[in-house]
Amino acid sequence: MNEIYIFYAVSFFLCVICAVLLGVVLNDKKTIESLKFSKNEFENLSIEQKVRLENEALRAQESKEINANLTQKLERKSIENDALEDEILNLKTQISSLKTTLEEREKIQLAKEENFVQVKKNLSTEFENLANKIFEEKSANFNKNSQTSLELLLNPLKEQIQNFQKRTNEIHDKTQQNSLNLENELKKVLDIGLGMSREASNLTNALKGNNKIAGNWGEMQLEATLQAAGLVKNEQYRAQESFKSESGARMVPDFVVYLPDNKHIIIDSKVSLVAYEVAMSAVNENEMKAALSEHVKSVKSHIDELSKKNYSMIEGLESPDFVMMFMPIEAAYIEALKYERELFGYGYERKVVLVSHTTLMPILRTVANLWRIEKGNKEAIQIAASAGEIYNKICVVAQDLNKLGATLTTATRQYNQVVTSLAGRQGLYGKTQRFRQLSQKATQNMPEVGELEIEVESAKLENLSKKDDDGSDRL
Numbered sequence: 001m002n003e004i005y006i007f008y009a010v011s012f013f014l015c016v017i018c019a020v021l022l023g024v025v026l027n028d029k030k031t032i033e034s035l036k037f038s039k040n041e042f043e044n045l046s047i048e049q050k051v052r053l054e055n056e057a058l059r060a061q062e063s064k065e066i067n068a069n070l071t072q073k074l075e076r077k078s079i080e081n082d083a084l085e086d087e088i089l090n091l092k093t094q095i096s097s098l099k100t101t102l103e104e105r106e107k108i109q110l111a112k113e114e115n116f117v118q119v120k121k122n123l124s125t126e127f128e129n130l131a132n133k134i135f136e137e138k139s140a141n142f143n144k145n146s147q148t149s150l151e152l153l154l155n156p157l158k159e160q161i162q163n164f165q166k167r168t169n170e171i172h173d174k175t176q177q178n179s180l181n182l183e184n185e186l187k188k189v190l191d192i193g194l195g196m197s198r199e200a201s202n203l204t205n206a207l208k209g210n211n212k213i214a215g216n217w218g219e220m221q222l223e224a225t226l227q228a229a230g231l232v233k234n235e236q237y238r239a240q241e242s243f244k245s246e247s248g249a250r251m252v253p254d255f256v257v258y259l260p261d262n263k264h265i266i267i268d269s270k271v272s273l274v275a276y277e278v279a280m281s282a283v284n285e286n287e288m289k290a291a292l293s294e295h296v297k298s299v300k301s302h303i304d305e306l307s308k309k310n311y312s313m314i315e316g317l318e319s320p321d322f323v324m325m326f327m328p329i330e331a332a333y334i335e336a337l338k339y340e341r342e343l344f345g346y347g348y349e350r351k352v353v354l355v356s357h358t359t360l361m362p363i364l365r366t367v368a369n370l371w372r373i374e375k376g377n378k379e380a381i382q383i384a385a386s387a388g389e390i391y392n393k394i395c396v397v398a399q400d401l402n403k404l405g406a407t408l409t410t411a412t413r414q415y416n417q418v419v420t421s422l423a424g425r426q427g428l429y430g431k432t433q434r435f436r437q438l439s440q441k442a443t444q445n446m447p448e449v450g451e452l453e454i455e456v457e458s459a460k461l462e463n464l465s466k467k468d469d470d471g472s473d474r475l
């Protein structure tokens, strides 16, 4: 840098000297002024070049320093890269070695597994053969000793199971027989109803004019219908049972039919006979219509009377909100409904349902069938209870057998301990052999005594006992 400055300074002075000399020589004012102007431009130009040169020199110095730093970094990276390449090479070598070792170990492990499977198979076969042999040898002795005890223990249980099976079969056969007979009995119902209607017609003349007798006769017909349906008096129905209303008034319906679950049906018998008999004896249609009109009025009167009694509100009875009005004369029932088709609706609006023998019988048969089902359900519950008792007794037997097995195992272990004490290496046998050599009276041979091996199958019995304790699988 100093050399450059010196060079420019010397050049500058030389130019000045030359200009002065030239001005002197020429002695021209204009020339001198021109030289002054050139001097000024030169000075200005030298300052700019000086600044530019200084900047270029500075940049050159910075570039040199940057190049030096980059060169150092490049050298360091080259050294690091060489180290990484060496490390990668070492890792590849280690991976190759580990892979070879792993393959060798896998081969060894596979061979061990194959050997283990074969050994396991051989041991399983040997164990099975040994177990079968021991079982065959010991089961005969065990069965012989325990057969009598097991028979004494299980015979009562066997008898209970047989009785249980017999009772179940009887109930099943009885249910099937009842189902088969139901259709025939329903057919008989119609025949009985028609026969009763004919008998009622024959009794018409005898009952006319005496309402008390007619009422009693109607109640008799109603009870006959109840019994024909299979209902039992004082069990499934009651006659003339006295009750009290909410107001305390005494109420006596003709019949109360009892249903399962403490439900009831109230039936009252009403006889409308006089007008009906006149209608049947009429000689012309007008007389018949007039008599049938009176007959319908009589029936409506009975409906109104029964509706006012409000039997369905009797305390203590769980009955529907209607009462059945039984008309014992089937023909009178039919003629009334034929003459006035709204008669049934008239009664139903007043919570009174008109029934005859033919229409009441299916209802009563349904009630009787409900009682049979109820009885069957109770018997089924009893059977289930008996089955539960049998199951519990089986569990008790299993527990006793389990205890017996534990006793046999304990006895066998104690027996083997005694045998070891007697015939073992340090047992009495070896210690008493000297006695035989010393005494001439010791003439008997010492019998051989061996240990016993016994296996008791108690796992299944324990599982049964656990099920009983947990309450599972119980009827």
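Counting from 1, position 175 in the sequence shown corresponds to residue 175 in full-length UniProt numbering; the numbering is continuous, with no gaps.
Where is the CB? At the ideal position from N, CA and C, for every residue including glycine.
| Query | Result |
| --- | --- |
| How is F255 classed by DSSP in three states: helix, strand or coil? | strand |
| Buried or exposed: which applies to Q109, given that a residue is buried once 16 or more other Cβ atoms fall within 10 Å of its Cβ? | exposed |
| State yes or no: is the C-beta of residue 559 within less than 9 Å of the C-beta of D268? | Since the first residue of the chain shown is 1 and the last is 475, residue 559 is not available in this structure. |
| Under the rule that 16 or more other beta-carbon atoms within 10 Å means buried, what is A398, buried or exposed? | buried |
| Who are the Cβ neighbours of L222 in its own chain at under 7 Å, not counting the five residues just before and after it? | D254, F255, I267, S269, F326 and P328 |
| In this structure, how does DSSP classify H398 when only helix, strand and coil are distinguished? | Residue identity differs from the one stated: residue 398 is Ala in this sequence, not His. Reduced to three states, the DSSP call for A398 is helix. |
| So, with DSSP's three-state summary, where would you put K351? | coil |
| Is the beta carbon of L337 less than 9 Å from the beta carbon of F243? | no |
| May I ask you to report which of helix, strand or coil DSSP gives I381? | helix |
| Whose C-beta lies closer than 7 Å to the C-beta of V278 among residues of the same chain, with five residues either side of it excluded? | A291 |
| Roughly how many angstroms lie between the CA atoms of H295 and L273, to the nearest whole one? | 8 Å |
| Counting only the same chain and skipping the five closest in sequence on each side, list residues whose C-beta sits under 8 Å from that of K92. | none |
| Is the distance from the Cβ of F322 to the Cβ of K351 below 9 Å? | yes |
| Name the residue from I381, S281, N416 and A368 whose alpha carbon lies nearest to the alpha carbon of T225. | A368 |
| Check each candidate in K73, I363 and N169 and name the one with the smallest Cα separation from A228. | I363 |
| If we count the other Cβ atoms within 10 Å of its Cβ and call it buried at 16 or more, is V283 buried or exposed? | exposed |
| If I follow the unbroken alpha helix (DSSP H) through S269, where does it start and stop? | Unbroken run through S269 is the beta strand (DSSP E), K263 to S269; no alpha helix (DSSP H). |
| Quick one, are the C-beta atoms of R167 and S386 less than 9 Å apart? | yes |
| Spatial neighbours of I66 within its chain, please: C-beta separation below 8 Å, excluding the five flanking residues on both sides. | none |
| Need the endpoints of the alpha helix (DSSP H) that V323 sits in, please. | Looking at the DSSP string, V323 is not in any alpha helix (DSSP H); the run it does join, the beta strand (DSSP E), is V323 to F326. |
| Express the C-alpha separation of L370 and P260 in angstroms, rounding to a whole number. | 7 Å |
| Do you know how far the Cα of S319 is from the Cα of D473? | Confidence in D473 is poor, its pLDDT being 46 and thus under 50, which makes the residue's placement too unreliable to answer from. |
| Is the Cβ-Cβ distance between E330 and T358 less than 9 Å? | yes |
| If we ignore side chains and look at the alpha-carbon of each, how far apart do Y339 and G347 end up? | 15 Å |
| Roughly how many angstroms separate the alpha carbons of G471 and S307, rounded to a whole number? | With a pLDDT of 49 at G471, under the threshold of 50, the modelled position of this residue cannot be trusted, and the question is left open. |
| Does the beta-carbon distance from V252 to W217 come in below 9 Å? | no |
| List the whole-angstrom C-beta distance separating Y333 from S356, where the pair is believed to meet the contact cut-off of C-beta under 8 Å. | 4 Å |
| Would DSSP call R52 helix, strand or coil? | helix |
| Does S281 have its Cβ less than 9 Å from a Cβ in chain D? | This model lacks chain D altogether, as it is built from one protein chain only. |
| Just verifying my parser: in three-state terms, what is the DSSP assignment at A239? | strand |
| Looking at the secondary structure, which residues open and close the alpha helix (DSSP H) in which V232 lies? | Premise fails: V232 is in no alpha helix (DSSP H) and is neither H nor E. |
| From the DSSP output, which residues share a beta bridge with K244? | R250 |
| Please report the residue range of the alpha helix (DSSP H) in which S281 lies. | V274 to S281 |
| Answer yes or no: do V303 and L360 have a C-beta to C-beta separation smaller than 9 Å? | For clarity, residue 303 is Ile in the given sequence; the question names Val instead. No, the Cβ-Cβ distance between I303 and L360 is not below 9 Å. |
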